[in-house]
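Notes to accompany the following structure.
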Amino acid sequence: MKFCPQCKSDINEDELDGAVRLICSSTQCDYIYWNNPIPVIAGIVELDGKFVMAHNVTWPKGMFSVITGFLEQREDPAECIVRETKEELGLDVYEQKLVGVYGFDRMNQVIIAYHVKAKGKIVLNEELDDYKLVELNELKPWPFGTGLAIKDFLIMNNVEV
Ligand SMILES: [Zn+2]
Numbered sequence: 369m370k371f372c373p374q375c376k377s378d379i380n381e382d383e384l385d386g387a388v389r390l391i392c393s394s395t396q397c398d399y400i401y402w403n404n405p406i407p408v409i410a411g412i413v414e415l416d417g418k419f420v421m422a423h424n425v426t427w428p429k430g431m432f433s434v435i436t437g438f439l440e441q442r443e444d445p446a447e448c449i450v451r452e453t454k455e456e457l458g459l460d461v462y463e464q465k466l467v468g469v470y471g472f473d474r475m476n477q478v479i480i481a482y483h484v485k486a487k488g489k490i491v492l493n494e495e496l497d498d499y500k501l502v503e504l505n506e507l508k509p510w511p512f513g514t515g516l517a518i519k520d521f522l523i524m525n526n527v528e529v
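Under our numbering, think of the first position of the sequence shown as 369, with each following residue one higher.
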């Protein structure tokens, strides 16, 4: 960002409240780019007692994860996961529960993770090109991002992690 999106003045990098911020140089303008984390909605999708792990078209082969998506304008996270489950997997959510909220500093995101139970036939959208259905005890957490939600979900279900 070179110019202020509010007044088109030059943007300066300056320290403010303990971090370097992009701040408008104009004394007539109060614009500061805070770079706040962006919420990402994640879904541990259960279909007929198994869990959907999907492969994104941009990922290396063999890498699978839960589905994720960004909120639409003014969208409630609980509605977002229903929409994302339908859009990405073609499935209809009939039950949902919050698993947890996780900071993901490397991506400057906050992950809001749900467990959803869904029905229907899986139809992947253009973001995904493969999936697998795994048993609860085949879910393997990893130590960042949505992996933390999987870990909590396993603990909630009394699976040793
Ligand atoms: Zn400005």
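Glycine included, each C-beta is placed from N, C-alpha and C at the ideal position. Quantities reported herein were computed from a predicted structural model and do not represent experimental measurements.
Do residue j and residue i have their beta-carbon atoms positioned less than 8 Å apart in this structure?
i       : j       : result
Ala-486 : Val-461 : yes
Leu-496 : Glu-440 : no
Glu-452 : Gly-411 : yes
Lys-418 : Leu-501 : yes
Val-450 : Ile-518 : no
So, at 8 Å on beta carbons, what are the nonlocal neighbours of residue i in its own chain, with the 5 sequence-adjacent residues on each side left out?
i       : result
Glu-463 : Val-484 and Lys-485
Phe-371 : Ser-377, Asp-378 and Ile-379
Val-469 : Val-478, Ile-479, Ile-480 and Ala-481
Ile-490 : Leu-415, Val-420, Leu-457, Gly-458, Leu-459 and Tyr-499
Arg-389 : Glu-381, Asp-382, Glu-383, Ile-400, Tyr-401, Trp-402 and Asn-403
Lys-454 : Asp-460 and Val-461
Gln-387 : In the sequence as displayed, the identity of residue 387 is Ala instead of Gln. For Ala-387, where only same-chain residues beyond five positions count, there are no Cβ hits under 8 Å.
Here's a check: name, in chain order, each residue in its chain whose Cβ is nearer than 6 Å to the Cβ of residue i, leaving out the five neighbours to either side.
i       : result
Asp-498 : His-423
Val-408 : Thr-436, Gln-477 and Ile-479
Asp-520 : Val-467 and Gly-468
Pro-405 : Asn-476, Gln-477 and Val-478
Ser-394 : Cys-375 and Ser-377
Ile-391 : Asn-380, Asp-382 and Ile-400
For residue i, collect the residues of the same chain with a Cβ closer than 7 Å to its Cβ; drop the 5 residues on either side in sequence, then sort them by chain order.
i       : result
Leu-504 : Phe-419, Asn-525 and Val-527
Ile-523 : Val-529
Lys-465 : Tyr-482 and His-483
Phe-432 : Met-421, Ala-422, His-423 and Lys-500
Can we count residue i as close to ligand 3, meaning its CB is less than 7 Å from some heavy atom?
i       : result
Met-524 : In the structure shown, ligand 3 is absent; the only ligands present are ligand 1.
Item checked: Lining residues of ligand 1 - beta-carbon closer than 7 Å to any non-hydrogen atom, in sequence order -> Cys-372, Gln-374, Cys-375, Ser-377, Cys-392, Ser-394, Cys-397 and Tyr-399
Note to self: My parser needs the alpha helix (DSSP H) runs of 4 or more residues fully inside the region 451-480; what are they?
What the structure shows: none
Margin query: Can you confirm whether the region 403-419 touches the region 513-528 when touching is taken to mean that 3 or more C-beta pairs between the two stretches lie within less than 8 Å?
Written below: yes
Item checked: Residue ranges of each alpha helix (DSSP H) within the region 395-433, 4 or longer -> none
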